[in-house]
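Engineer: If you're matching positions, the sequence shown starts at 461 in the working numbering and goes up one per residue.
Even glycine gets a Cβ: it sits at the ideal position worked out from N, Cα and C.
Note that the coordinates shown come from a computational prediction; the quantities given were computed from them, not determined experimentally.
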Amino acid sequence: SFQLSARGHWSTWPAFASAQTVRRNHKPCCAPEERHPSTEQPLLTFPKPQYLEQLESYLRKELQSLDLTKNNSQELKLQPYREIFEFFIDNFKTYKPLLSAIKNEYEVTLAHQKRTIRALEPLKATVTTISEECTRQMLALQEQEKDEINTLKQENRRLLKFIDNMKEEKNSLQTQVEHLRTSVAEEYARYLNEHGARKLLLTKLNEIHNERPDTARHQLQDVKGEDVVKLTLALKMARQDLTTAQVKLNKMIADYGDVVPRRDFESLENKHSDLLREMKTLRKDLDRLRKDHEALLGIQAETAEERDNLRAELQRVQRNCTPRPNWAKCSEVIPGGAERWGGLAEGKSSDQLVDVLLEEIGTGTLRERNVFPGWGKGDKVPVYLRHEGDVKNKKLTKKDAVNILKDVWKEKMAQEQQTGQRASLPEFFLSYLQKKYGAAAAMEWSYTLYENMRLCRSNHVLSSFYNVLTGKVGEEQYHAQNQLVSSLQKELAACDSSNSGSLTSEQFRQEANREAFPLKRKESIQELVDASRYKLDSTEDLIDYMSLFKEDEEGNAEPLVAKLRSQYVREKQEYLGQLKDKLGDLTEVSAEDLKTAFCTIDPAIDGQTLDTYIGLAYRVRREQPEQEVVLVETALERLLAGDVRRAGPSPREGSAAGFEGD
461 SFQLSARGHW
471 STWPAFASAQ
481 TVRRNHKPCC
491 APEERHPSTE
501 QPLLTFPKPQ
511 YLEQLESYLR
521 KELQSLDLTK
531 NNSQELKLQP
541 YREIFEFFID
551 NFKTYKPLLS
561 AIKNEYEVTL
571 AHQKRTIRAL
581 EPLKATVTTI
591 SEECTRQMLA
601 LQEQEKDEIN
611 TLKQENRRLL
621 KFIDNMKEEK
631 NSLQTQVEHL
641 RTSVAEEYAR
651 YLNEHGARKL
661 LLTKLNEIHN
671 ERPDTARHQL
681 QDVKGEDVVK
691 LTLALKMARQ
701 DLTTAQVKLN
711 KMIADYGDVV
721 PRRDFESLEN
731 KHSDLLREMK
741 TLRKDLDRLR
751 KDHEALLGIQ
761 AETAEERDNL
771 RAELQRVQRN
781 CTPRPNWAKC
791 SEVIPGGAER
801 WGGLAEGKSS
811 DQLVDVLLEE
821 IGTGTLRERN
831 VFPGWGKGDK
841 VPVYLRHEGD
851 VKNKKLTKKD
861 AVNILKDVWK
871 EKMAQEQQTG
881 QRASLPEFFL
891 SYLQKKYGAA
901 AAMEWSYTLY
911 ENMRLCRSNH
921 VLSSFYNVLT
931 GKVGEEQYHA
941 QNQLVSSLQK
951 ELAACDSSNS
961 GSLTSEQFRQ
971 EANREAFPLK
981 RKESIQELVD
991 ASRYKLDSTE
1001 DLIDYMSLFK
1011 EDEEGNAEPL
1021 VAKLRSQYVR
1031 EKQEYLGQLK
1041 DKLGDLTEVS
1051 AEDLKTAFCT
1061 IDPAIDGQTL
1071 DTYIGLAYRV
1081 RREQPEQEVV
1091 LVETALERLL
1101 AGDVRRAGPS
1111 PREGSAAGFE
1121 GD
């Protein structure tokens, strides 16, 4: 219930005395039944200790003096509390170790959270790009499906209208058939009545004939010049013929009274069959369209659901992401102002701009340092950095560092041509500095050059020398890139028969594709052509190829040379990616299996080159025995550090995923 005072004694003022009162002899940790319930004791109040009031006064003044409108206001606000806590720890000697441990743990946790936040910041640009791509894909799908759905709807309406017309025509034909049936029934009834009337008439005629036979006989006898017997016989035959004809007529009327003509029947039957077939076809088409429509409705529902999910994901990402940085603000703090920053930032991505900014900050800090701490003389320390004690900073400019390293390469290649043996770059680097600047000052130059190389990662001369010096890449990779640049320059010069120093874009493309780089893809050749035309207008076609290979005073190359070097790295990564795909799921690989994989993906490779690649993977010379197996990842990393290139065209179209993505 009480706190320690500034002198280390127990303070009689409780932490809650400013708002409450304390009972005399009160025990806050005891049970209710153990307290004294009998009598009410007087309440006591205590003033704050003087040291506590001083700390609170100091804290209020510090907080009032802060500018909380800045972006880092929370960190500024935390500093006064950190100082108060340190004063508190220093005055309480007994609890100082525990409180210091608590404070240090909080500081470590805060530093870890800051590092985590900085590590997550590069993901902003990736998330923004993904969200834009998802939006474009979603809009494209909507437009595509919208057109297809409208087309299907129109086709469906047309078919429904056609079916309605067929139904109307069928109903009309059925009406005609019913009408014809009614007409035939009426004709049959009329013919039947006429048949009955004819029978009655014949009966009457027979009766009249029988009643007056004598009258007719006398009349026949009176006819002059005629044969009575002949006429009687003719009359009898005529009556028989009439009776036979009447019987046939009555029979035909009775048998075919309900029958329509065969010609009309066949015509109606054919038409009915055609209509049935057409109706079945239309019904099948309708069923198919109905199924397609239902499938499209399902796809539309899935697409709408996916769109809603993508929209929700996009909104979540937009809420969690911060806007892209305004890189133009860097021109206010970079030496040289906006003009120099514009030159540094031209054509670079956000990640590359971060490297440039870190390089500028690092070189600025490097110029302010006077000495470097020595690394010691242990075996793990590189030979060119083995020194104890402080080392003087020579404060070189980037131009001076580039010139020295170029001279180191020149001297090293001259020595190797004389001796016929390749020297180790770290040892030669140290011997060069000792020979040129003396043994005493060699370490000063070595440390200064090393720090400049380590910080200036955007400069090709400094970064390539640093990678070879530290063993990240092999020296043969540096010479291979220079050989590519030299080969292209020679081929372009050979094509320039007039020595004008200029070539057309088509000439440049043909020389680069046919002579210098026959294995490059068309896309890579087009990238080189575009890089060579970066200073030209769209109407100009003559390329000043001589200026494409020049360097500025700091060793920075033109875009063509930079693109050629980046293509070298990318093509090697694709080549090793195909090799890894060929090895499959193997974790370890023998020399024979590795040779087989190389010959499969690159049939044109020769034996000498293949032995060189195997030596790189197994870190052995040609005359030494080969190791049995090596890890696949280790072999690929060693090949990536060396000069590994495709010897012939790829046996299959396309390329595997880059090794860097694995």
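#1: Would the beta-carbon of L890 fall within 7 Å of that of Y938?
#2: State the start and end residues of the unbroken alpha helix (DSSP H) segment that holds F889.
#3: With DSSP as the reference, label V868 as helix, strand or coil.
#4: Answer yes if the segment 584-593 comes into contact with the segment 765-785, meaning at least three C-beta pairs across the two stretches below 8 Å, and no otherwise.
#5: In terms of residues, what are the limits of the alpha helix (DSSP H) holding F1058?
#6: From this set, M697, Q760, T692, which residue's C-alpha is nearest D607's C-alpha?
#7: Could you tell me the alpha carbon to alpha carbon distance between Y648 and N710, rounded to whole angstroms?
#8: Answer yes if the segment 747-764 comes into contact with the segment 598-613, meaning at least three C-beta pairs across the two stretches below 8 Å, and no otherwise.
#9: From A788 to A798, what does the alpha carbon distance come to, in whole angstroms?
#10: Would DSSP call E1014 helix, strand or coil?
#11: Does the beta-carbon distance from M598 to R767 come in below 7 Å?
#12: Alpha carbon to alpha carbon, how far is V945 from K563?
#13: Go through the segment 684-755 residue by residue and report every complete run of the alpha helix (DSSP H) that reaches 4 residues or more, in order.
#14: State the Cα-Cα distance for the pair Q967 and L948, rounded to the nearest angstrom.
#15: Starting from S962, follow its DSSP beta bridges and name the residues at the other end.
#16: Hey, quick one: how far does the beta strand (DSSP E) through V928 stretch, first residue to last?
#17: Just to confirm my understanding: we take K859, look at its own chain, exclude 5 residues before and 5 after, and list those with CB closer than 7 Å. What are they?
#18: Under a three-way DSSP split, which group does D850 fall into?
#19: Over what stretch of residues does the alpha helix (DSSP H) that includes V1092 continue unbroken?
#20: Would you report the Cα separation of D718 and V644, rounded to the nearest angstrom?
#21: Please name the residue or residues paired with G836 in a DSSP beta bridge.
#22: Do the segment 872-890 and the segment 917-930 make contact, defined as three or more Cβ pairs closer than 8 Å?
#23: Roughly how many whole angstroms lie between the Cα atoms of H572 and Y566?
#24: Hey, could you find the ends of the alpha helix (DSSP H) R1030 is sitting in?
#25: With a threshold of 16 other CB atoms inside 10 Å of the CB of Q1027, please say whether the residue is buried or exposed.
#26: Strictly by DSSP, which residues pair up with E1048?
#27: Counting along the chain, where does the alpha helix (DSSP H) carrying R1105 start and finish?
#28: Does the beta-carbon distance from T447 to N853 come in below 7 Å?
#29: Quick test of your reading: A902 and L915, contact by CB under 8 Å. State the CB separation rounded to the nearest angstrom.
#30: Determine whether the beta carbon atoms of K1023 and E987 lie at a separation below 7 Å.
#31: Which class does V841 belong to by DSSP, given the choice of helix, strand or coil?
#32: For the putative contact between A1057 and L1043, defined by C-beta atoms under 8 Å, what is the C-beta separation to the nearest angstrom?
#33: Tell me the residue span of the alpha helix (DSSP H) that contains T857.
#34: Counting only the same chain and skipping the five closest in sequence on each side, list residues whose C-beta sits under 8 Å from that of V1029.
#35: Could you check where the alpha helix (DSSP H) with S957 kicks off and where it finishes?
#36: Does the beta-carbon of E911 have 16 or more other beta-carbons within 10 angstroms, so that it is buried, or is it exposed?
Structural biologist: From the atom records:
#1: no
#2: 885-897
#3: helix
#4: yes
#5: 1051-1061
#6: Q760
#7: 12 Å
#8: yes
#9: 8 Å
#10: coil
#11: yes
#12: 58 Å
#13: 688-715
#14: 13 Å
#15: D1004
#16: Here V928 belongs to no beta strand (DSSP E); instead the alpha helix (DSSP H) covers 920-929.
#17: E1013, E1014
#18: strand
#19: 1092-1101
#20: 6 Å
#21: H847
#22: yes
#23: 10 Å
#24: 1019-1043
#25: buried
#26: L1091
#27: Note, R1105: premise wrong, no alpha helix (DSSP H); not H, not E.
#28: The requested residue 447 does not occur in the structure, where the chain is confined to residues 461 to 1122.
#29: So it is not a contact: roughly 21 Å between Cβ atoms.
#30: yes
#31: coil
#32: 6 Å
#33: No alpha helix (DSSP H) contains T857, which DSSP labels as neither H nor E.
#34: none
#35: Premise fails: S957 is in no alpha helix (DSSP H) and is neither H nor E.
#36: buried
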